[in-house]
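Colleague: Following this message is one structure expressed as structure tokens.
Below you can see the structure in the form of structure tokens.
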């Protein structure tokens, strides 16, 4: 390259075809809680490769499309635009991960409240729930089961993606507010503990858990109580809003008008 050559001249003669370009996709780990267990929403593949297996909802990234925009589009198109907390998880780029061609995928956590989980199933009937069974061990593998207990084999490297998603959630529960993405705006301490136990795959000491949560200063008591219970109603809490929280449209995706 000549030192005298301008950047404009360099770009004018640059040919992208000089380099092979892999395709880029996004895959969503659509995860909520059902029956006290982490549960995915999956799609059954009706074409090769891996026809008959279940897969995470995903799609290719357009040439002029940002990654977060692609993830939001897949959420609209394949999950009916259900409201979800979207968080980039990891990039998976093993050379042989897809037999069609070189495809790199950027996986996203898409966490759903109970209401959003039901909304996604109603809006996108093709979505199939799969309960995640994960060992409490930090590096344990995961299996996914249908409602009748039958194993759901996952396509591509999606079992690896799901395993990493569970590990990431477990690792972040104790220092971040990510677990609240699985809860409604108002919740009881019992519901908060249920979320932690479901993700961690183990029971927790009730008094110690509640004391730890309250001592962190994350919770605001509302003075309101749950209704419609056959036992003594519990107080409702909400996540305290702090100056460090910066919600953005890319974090909380809602259906656009007309979707």
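Residue numbers (the numbering used here): 2 to 260. Positions of the beta carbon are idealized from the N, C-alpha and C atoms, including for glycine.
1) Using the Cβ count rule (16 or more neighbours within 10 Å means buried), how would you classify residue 82?
2) Spatial neighbours of residue 235 within its chain, please: CB distance less than 8 Å, with the 5 preceding and 5 following residues excluded, ordered by chain position.
3) For residue 59, list the residues DSSP reports as bridge partners.
4) How long is the line joining the alpha carbons of residue 79 and residue 101, rounded to whole angstroms?
5) Provide the residue span of the alpha helix (DSSP H) that contains residue 172, from first to last.
6) Put residue 89 into one of helix, strand or coil per three-state DSSP.
7) Taking one C-beta from the stretch 10–26 and one from the stretch 96–111 each time, how about it: are there three or more such pairs within less than 8 Å?
8) Does the separation of the CB atoms of residue 27 and residue 59 fall below 7 Å?
9) Hey, how far is the Cα of residue 218 from the Cα of residue 231?
10) Under the three-state reduction of DSSP, which class applies to residue 39: helix, strand or coil?
11) Count the other CB atoms within 10 Å of the CB of residue 39; is the residue buried (16 or more) or exposed (fewer)?
Modeller: Based on what the coordinates show:
1) Classification for residue 82: buried.
2) 189, 190, 191, 226, 227
3) 28
4) Residue 79 and residue 101: Cα-Cα distance of roughly 22 Å.
5) Taken as a continuous stretch (DSSP letters only), the alpha helix (DSSP H) holding residue 172 covers 159–174.
6) strand
7) At 8 Å Cβ cutoff, the stretches touch.
8) yes
9) Separation of residue 218 and residue 231 (C-alpha to C-alpha, rounded to the nearest whole angstrom) is 30 Å.
10) strand
11) buried
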